[in-house]
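Asks:
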Amino acid sequence: MSRLHVVSGKGGTGKTTVAAALALALAAEGKRTLLVEVEGRQGIAQLFETEALPYEERKIAVAPGGGEVFALAIDAEQALLDYLQMFYKLGGAGRALRKIGAIDFATTIAPGLRDVLLTGKACEAVRRKDRTGRFVYDHVVMDAPPTGRVTRFLNVNDEVAGLARIGPIHNQAQAVMRVLKSPETAVHFVTLLEEMPVQETSDGIAELRAAGLPVGGVVINMVRPAILDDAAVEAAANGRREEVARALSHALERTGSGSRGRTGFAEPLVEPLLQQAREHTERLALEQRGRADVARLSLPTYELQLLGDGVDLAGLYRMARELRKQGVAG
Ligand SMILES: Nc1ncnc2c1ncn2[C@@H]1O[C@H](COP(=O)(O)OP(=O)(O)OP(=O)(O)O)[C@@H](O)[C@H]1O
Ligand SMILES: [Mg+2]
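Residue numbers (our numbering): 2 to 331.
#1: Assuming L23 and V329 form a contact by the criterion Cβ under 8 Å, report the distance between their Cβ atoms to the nearest whole angstrom.
#2: Answer yes or no: the CB of T17 versus the heavy atoms of ligand 2, is any distance below 7 Å?
#3: Verify the contact flag: G41, CB atom, against every heavy atom of ligand 2, threshold strictly below 7 Å.
#4: Check the DSSP bridge columns for Y303 and list the partner residues they point to.
#5: In angstroms, rounded to a whole number, what distance separates the CA positions of L305 and E201?
#6: Is there at least one non-hydrogen atom of ligand 2 closer than 7 Å to the beta-carbon of G44?
#7: Compute the Euclidean distance between the alpha carbons of M223 and V8, then round it to the nearest angstrom.
#8: So, for Y56: in the same chain, excluding its five sequence neighbours on each side, which residues have a beta-carbon less than 6 Å away from its beta-carbon?
#9: Let me check you understand the geometry: is the CB of D310 closer than 7 Å to at least one non-hydrogen atom of ligand 2?
#10: For ligand 1, is there any heavy atom lying closer than 7 Å to the beta carbon of L307?
#11: Does L317 come out as helix, strand or coil in the three-state DSSP assignment?
#12: Kindly confirm or deny that the stretch 5-20 and the stretch 138-146 touch, where touching means at least three C-beta pairs closer than 8 Å.
#13: Rounded to a whole number of angstroms, what is the C-alpha to C-alpha distance between R128 and H281?
#14: Do you know offhand how far V295's Cα is from G13's?
#15: Classify G291 as buried or exposed, calling it buried when 16 or more other Cβ atoms lie within 10 Å of its own Cβ.
#16: DSSP state of L193, grouped into three classes?
#17: When you measure from the CB of N222 to every non-hydrogen atom of ligand 1, does any distance come out below 7 Å?
#18: By the three-class DSSP mapping on this structure, what secondary structure does G134 have?
#19: Relative to the alpha-carbon of A123, which residue among Y138, D131, Y303, T133 has its alpha-carbon at the smallest distance?
#20: Tell me whether the beta-carbon of L35 lies closer than 8 Å to the beta-carbon of A126.
#21: How about A62 and A29: do their beta carbons lie closer than 8 Å?
#22: Give the secondary structure of L54 by DSSP, where H, G and I count as helix, E and B as strand, and everything else as coil.
#23: Can you round the beta-carbon distance between V188 and A174 to whole angstroms, since I take them to be within the 8 Å contact cut?
#24: Just how far apart, CA to CA, sit E50 and G44?
#25: Of the residues E272, R319, V199, A278, which one's Cα is nearest the Cα of A236?
#26: Return helix, strand or coil for V70, following the three-state DSSP convention.
#27: Determine whether the beta carbon atoms of V37 and L73 lie at a separation below 8 Å.
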């Protein structure tokens, strides 16, 4: 089973939220997970209602059944310093480099270098073991860049490996790439049941596969509950006006509001109600098409409801429970 879960998807579909819920789900029953952020936006801290994350692994939540979720906002500059320290024993020179802006400079002129540092840090956490030889983290979940950039982001080690043909950077890039291309890694996509995000998901999957990167599952997020039963949807779709008017006036009579005679009172309400019902029907049809398109991808698929009041901490735990119920933890 994979231990590095990379969460991508179209912008705004809920990548950060789903990555956090997944980290909670995978930590349940006494496991330990690390949730990492690579874009420096402190979305995880906001979600867990804690202060900004430093460049340091820090426990941010307790999962159901006693598991632990740690979080880390990976900073490219700090990762480069760590890295230089490891290979060149820089000592105080590292701080000086940072002061004169050399680090900023290095990561700006070689964007590939920046990405290799970010993915490298995540891979290091995946493989880290304690003194007894056990993995420190059972799972690492990465809140990754959006679909349009994720393949390049993950594949960049190949570019760097080509760029630096020998030396520690080359070796590091190769080691990272071995983890990313192995079954130890799974790239998941978050989507909505709308045309554009579903299309982007299917394009993103094709791109990943072409690059030899492992695809995980699809999380359909913000699914709205169906409020009409099939018969009602059918009636609305076919605009059966009299039927709706009759049902409505009966309802009004029963509540004692029907004193103005048979359908007279209900009449003005019928058209707006039918209109709403038609819109609802159209949306359901659109969602059904989206579901069929996702099903054609033949990947493990999970569904999360739209939470009416937005996602607070309690909502996040609910999403985690839902993911577990649907078998995300295997
Ligand atoms: N299932 C849900 N129900 C209700 N609101 C949700 C749900 N999932 C996400 N949201 C809300 O949608 C908004 C976008 O979510 P999030 O920040 O996780 O998306 P993102 O894909 O990470 O966005 P970005 O592309 O900006 O990084 C947030 O306000 C979040 O609280
Ligand atoms: Mg995000």
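Ideal placement from N, C-alpha and C gives every residue a C-beta, glycine not left out.
What you are looking at is a predicted structure, and each value in this text was computed from that prediction instead of being measured.
Replies: By the coordinates alone:
#1: In this structure L23 is in contact with V329, their Cβ atoms being roughly 7 Å apart against a cut-off of 8 Å.
#2: At least one heavy atom of ligand 2 lies less than 7 Å from the C-beta of T17.
#3: No, the Cβ of G41 stays beyond 7 Å of every heavy atom of ligand 2.
#4: Y303 is bridged to V220.
#5: Spanning the two alpha carbons is a distance of roughly 19 Å.
#6: Residue side-chain check: G44 places its Cβ nearer than 7 Å to a non-hydrogen atom of ligand 2.
#7: The alpha-carbon atoms of M223 and V8 are separated by roughly 16 Å.
#8: Around Y56: D76, Q79.
#9: Checking the Cβ of D310 against ligand 2 gives no.
#10: Flag set: Cβ of L307 near ligand 1.
#11: Taken through DSSP and simplified to helix, strand or coil, L317 comes out as helix.
#12: Contact between the stretch 5-20 and the stretch 138-146 is established, with three or more Cβ pairs separated by less than 8 Å.
#13: Between R128 and H281, the C-alpha separation is close to 49 Å.
#14: Here the alpha carbon of V295 sits roughly 18 Å from the alpha carbon of G13.
#15: Buried, since its Cβ has 16 or more Cβ neighbours within 10 Å.
#16: Reduced to three states, the DSSP call for L193 is coil.
#17: Within the cutoff, so yes.
#18: Assigned with DSSP and collapsed to three states, G134 falls in coil, not helix or strand.
#19: Comparing C-alpha distances from A123 to each of Y138, D131, Y303, T133 shows the shortest one belongs to Y138.
#20: L35 places its beta carbon less than 8 Å from that of A126.
#21: At a Cβ-Cβ threshold of 8 Å, A62 and A29 do not count as neighbours.
#22: In the structure shown, L54 sits in coil (DSSP, three-state: anything other than H, G, I, E or B).
#23: Contact between V188 and A174 does not hold, since their C-beta atoms are separated by about 19 Å, which reaches or exceeds 8 Å.
#24: Between the C-alpha atoms of E50 and G44 there is a straight-line separation of about 10 Å.
#25: When only C-alpha atoms are compared, the closest one is A278.
#26: Three-state result, V70: strand.
#27: Annotated as proximal: V37 and L73, with beta-carbon spacing under 8 Å.
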